[in-house]
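Undergrad: Sequences listed follow chains L and V, in order. Taking numbering that gives the first Met the number 0, the leading residue of the first sequence gets 0, the next gets one more, and so forth. Taking numbering that gives the first Met the number 0, the leading residue of the second sequence gets 0, the next gets one more, and so forth. By construction, the Cβ of each residue, glycine as well, lies at the ideal position given by its N, Cα and C atoms. Handing you a structure now.
Protein chains: 2
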Amino acid sequence: MTSQSRQKKILDLLETNGEVSTTRLVTELSASDMTIRRDLNHMAAQGLILRTHGGAMKVDLLVHKQKFENKAAANLAAKDIICQLAAEQIREGDTIFMDCGSTVFRLCHFIRNKRIKVITNSLPVVVELSNTVVSLNIIGGEFDHDRQAVHGVMAKEHILRYRASIAFLGVDGVSAKGLFANTELEASITLAFAARARTTYLLCDASKIDREAYFKFADLSLIQNLITDRNGPHLASIRKKGINVITPEAK
Amino acid sequence: MTSQSRQKKILDLLETNGEVSTTRLVTELSASDMTIRRDLNHMAAQGLILRTHGGAMKVDLLVHKQKFENKAAANLAAKDIICQLAAEQIREGDTIFMDCGSTVFRLCHFIRNKRIKVITNSLPVVVELSNTVVSLNIIGGEFDHDRQAVHGVMAKEHILRYRASIAFLGVDGVSAKGLFANTELEASITLAFAARARTTYLLCDASKIDREAYFKFADLSLIQNLITDRNGPHLASIRKKGINVITPEAK
DNA sequence: ACATATTCGAACAAAATCGAACATTCTATT
DNA sequence: AATAGAATGTTCGATTTTGTTCGAATATGT
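So this is what it looks like as structure tokens:
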């Protein structure tokens, strides 16, 4: 066995186990401890592995966690309830649009192991799903640092070339009068998603209900379903408009 | 037995076993060790196999499989030298293309505070620059988990709609014969970048020089400049082709 | 804190592999 | 058959890799 193939096997073992001991490598690769140690040190010098006492570890993922996740921590319980319900709407093989926004982002945790295709303009979503079985399609265009997402003309054009079974949308406010956003950029993307999806789900915690933000960009009829965390009378006017409202209680 | 049939058998053995030792080839092919070694070296020069001490390995075993994170950490010093030089080529207000690949990725550290626009298909680059003053344009399309970058038809179309002053390119191998890549996907993106940039810089550590990988996708004339970490006679043939070679020593 | 057990790396020794140079064999052509 | 040119084999010193020993450094258990 050559040193290269040994080192490759060490990498493989690390990939599956996360860490390995020198002694295990000695028996597994039938080489002397000194040889293993030399291999390990060599690879560590190249940054391929993380050397530890008695063995080695996998180097930590390069992609570090986003500040975004802090924002996402707000109302986590409510978002989890919503996303749990949202995830149940997805079937294997589906292609889904994922809007930007912290509520939709939380959906990532519930779909990591689904064999689906996700089309999104949200960087946090991409990062979160980049090492999963989920097949990803990234919407291209100008990157908006504030919103950590891609917006603009190119993005819209990109979306219009695809079709999806479901769109999971986020907004800044919703009432019987329609959907509200804080920027036109986000609004135009949301509209594009809705136009190209067979079914649309608006994910929205209670705080957004009946809130009328900066400007209205669409009628309520743009969406077919609203998923939110609490049932109650505040949803009556929306239900009356023919929207299918999904809540945990109503399940 | 001709050398061709021998080399074919070597490839077959590698295909099934992943690796093979010189001694085994000596008995298996009933040829002298020197002959085997000559075959091996010849094939390695063509990039057909990966030469090791005492034998050879399949190419994609080591090159293909290596995860991006690992590659990023390897040869960090060389990459830093290269990227330092690369960053000096950039002027405020420039629009630059950044290819995927670990060497180009390292350039992020040196441009965080420049007021420039970056157009890229590499997720690590996006993440790294997502909270800087750099203006980002993300190339959209199918996301390739292995390479942590966007490839495919959409990506190519996207690129062709923009123009940039500089393209920073990465390859898997370069020699006087041209540029080499391990996958067609990466190659087509690199070509698109080059086509739409006023000036092209190939960033390439010494290990990639004179390495002829899986397949050649462009002549050397595709690029105008090569930035590498060490000066030396191995660059002569490339210089002779009219490429401006930039090294720290020549500075 | 102390003792015990592991692990580490430097130094040296042994083995395998390497490539240059030269000798030999094979092959195609005259 | 003669001969040039290419491929192959052989020899041998240089290089690389691997193994061993042993004192120092580092973890672990009491």
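Count the other CB atoms within 10 Å of the CB of Arg146 of chain L; is the residue buried (16 or more) or exposed (fewer)?
TA: Flag for Arg146 of chain L reads buried.
Undergrad: Could you work out which residues of chain L lie near His157 of chain V, taking near to mean beta carbons separated by less than 9 Å?
TA: Near His157 of chain V (Cβ distances below 9 Å), the residues of chain L are Gly139, Gly140, Met153, His157.
Undergrad: I want to see whether chain L comes within less than 9 Å of Asn181 of chain V, judged by CB atoms only; does it?
TA: So, not an interface residue.
Undergrad: Quick check: what's the CA-CA separation for Arg114 of chain L versus Ser134 of chain L?
TA: Rounded to the nearest angstrom, the two C-alpha atoms are 7 Å apart.
Undergrad: So for Arg229 of chain V, helix, strand or coil by DSSP?
TA: Looking at Arg229 of chain V - three-state DSSP - the assignment turns out to be coil, as it is neither helix nor strand.
Undergrad: Can you grab the Cα-Cα spacing for the pair His52 of chain V / Gly17 of chain V, in whole Å?
TA: About 15 Å.
Undergrad: Tell me the DSSP secondary structure of Ile95 of chain L in three-state form.
TA: In this structure, Ile95 of chain L counts as strand in the three-state DSSP scheme.
Undergrad: To the nearest angstrom, how far is the alpha carbon of Gly139 of chain L from that of Arg238 of chain V?
TA: One C-alpha to the other measures close to 37 Å.
Undergrad: Distance check for Ile35 of chain V and Ile137 of chain V, CA to CA, integer angstroms please.
TA: Each residue's alpha carbon lies about 48 Å from the other.
Undergrad: Would you give the residue range spanned by the beta strand (DSSP E) that Val132 of chain V belongs to?
TA: Val132 of chain V -> no beta strand (DSSP E), and no H or E assigned at all.
Undergrad: DSSP three-state label for Asp209 of chain L, please.
TA: Note: Asp209 of chain L maps to coil in three-state DSSP.
Undergrad: Quick test of the definition: if touching needs 3 or more C-beta pairs under 8 Å, does the stretch 78 to 93 of chain L touch the stretch 101 to 109 of chain L?
TA: Touching, per the Cβ criterion.
Undergrad: Between Leu28 of chain L and Ser31 of chain V, what straight-line distance do the alpha-carbon atoms span, to the nearest angstrom?
TA: Answer to the nearest angstrom: the Cα atoms are 28 Å apart.
Undergrad: Between which two residues does the alpha helix (DSSP H) containing Ala196 of chain V stretch?
TA: Element bounds for Ala196 of chain V: not the alpha helix (DSSP H) but the beta strand (DSSP E), 196 to 202.
Undergrad: Comparing the C-beta of Val25 of chain V with each C-beta of chain L, is any distance below 9 Å?
TA: With 9 Å as the cut-off, Val25 of chain V does not count as an interface residue toward chain L.
Undergrad: Go through its chain and collect everything with a Cβ distance to Asp204 of chain L's Cβ below 7 Å, but skip five positions before and after it.
TA: Closer than 7 Å at the Cβ level, and outside the excluded window around Asp204 of chain L, lie Asn74, Ala77, Lys78, Ile81, Thr102, Thr227, Asp228.
Undergrad: Name the chain V residues whose beta carbon is nearer than 8 Å to that of Thr1 of chain L?
TA: Those are Glu18, Ser20, Thr51, His52, Gly53, Gly54, Met56, listed as they occur along chain V.
Undergrad: Looking only at its chain, what residues have a beta carbon closer than 8 Å to the beta carbon of Ile48 of chain L, apart from the 5 residues adjacent to it on each side?
TA: So the list reads Ile9, Leu10, Leu13, Leu39, Met42, Ala55, Met56, Lys57, Val58, once near-sequence residues are dropped.
Undergrad: So with CB distances below 8 Å, who are the chain L contacts of Gln45 of chain V?
TA: Ordered by position in chain L, no residue passes the 8 Å Cβ test against Gln45 of chain V, which lies about 18 Å from the chain.
Undergrad: Out of V:Ser129, V:Ser2, V:Ser121, state which residue places its alpha-carbon closest to the alpha-carbon of Arg269 of chain V.
TA: Not covered by the structure: residue 269 of chain V. The range shown for chain V is 0 to 250.
Undergrad: Taking Cβ to Cβ, would you say Ala154 of chain V is nearer than 9 Å to Ala196 of chain V?
TA: No, the pair does not count as a contact, with Cβ atoms beyond the cut-off.
Undergrad: Kindly give me the distance between the Cβ atoms of Ser121 of chain V and Ala163 of chain V, rounded to whole angstroms, as I take these residues to be in contact under 8 Å.
TA: With 8 Å as the limit, Ser121 of chain V and Ala163 of chain V do not qualify as a contact, their Cβ atoms being about 15 Å apart.
Undergrad: Applying a beta-carbon distance threshold of less than 7 Å, which residues of chain V neighbour Leu135 of chain L?
TA: Going along chain V in sequence order, the residues near Leu135 of chain L (Cβ under 7 Å) are Phe142.
Undergrad: Run through chain V and tell me which residues come within less than 8 Å of Val126 of chain L, C-beta to C-beta.
TA: Leu122, Val126, listed in chain order.
Undergrad: The beta strand (DSSP E) that contains Thr119 of chain V, what's its start and end?
TA: Counting along the chain, the beta strand (DSSP E) containing Thr119 of chain V begins and ends at 116 to 119.
Undergrad: Per DSSP, what are the beta-bridge partners of Asp143 of chain V in this structure?
TA: Asp143 of chain V is bridged to V:Ala148.
Undergrad: Take Ala194 of chain L as the anchor and find which of L:Lys176, L:Ala180, L:His157 has the nearest alpha-carbon.
TA: Closest by alpha carbon: L:His157.
Undergrad: Within 10 angstroms of its Cβ, does Lys7 of chain V collect 16 or more other Cβ (buried), or is it exposed?
TA: That one is exposed.
Undergrad: Between L:Glu91, L:Val19, L:Leu178, which has its C-alpha nearest Val333 of chain L's C-alpha?
TA: This structure leaves residue 333 of chain L out entirely; chain L is present only between 0 and 250.
Undergrad: Measuring alpha carbon to alpha carbon, tell me which residue in L:Asn243, L:Asp143, L:Glu211, L:Thr22 is nearest Leu178 of chain L.
TA: Measuring from the Cα of Leu178 of chain L, the nearest candidate turns out to be L:Glu211.
Undergrad: With DSSP as the reference, identify every bridge partner of Glu18 of chain V, one or two as the case may be.
TA: The partner list for Glu18 of chain V (beta bridge, DSSP) reads V:Met56.
Undergrad: Measure the Cβ-Cβ separation of Thr199 of chain V and Leu168 of chain V and say whether it is below 9 Å.
TA: Yes.
Undergrad: Going straight from the alpha carbon of Asn181 of chain L to that of Leu202 of chain L, what length do you get?
TA: Cα to Cα, the separation comes out at about 16 Å.
Undergrad: Can you pull the chain L neighbours of Glu149 of chain V, defined as C-beta to C-beta under 7 Å?
TA: According to the sequence shown, residue 149 of chain V is Val rather than Glu. Under the 7 Å cutoff, chain L gives Ile137.
Undergrad: So, with DSSP's three-state summary, where would you put Arg36 of chain L?
TA: Correct three-state label for Arg36 of chain L: helix.
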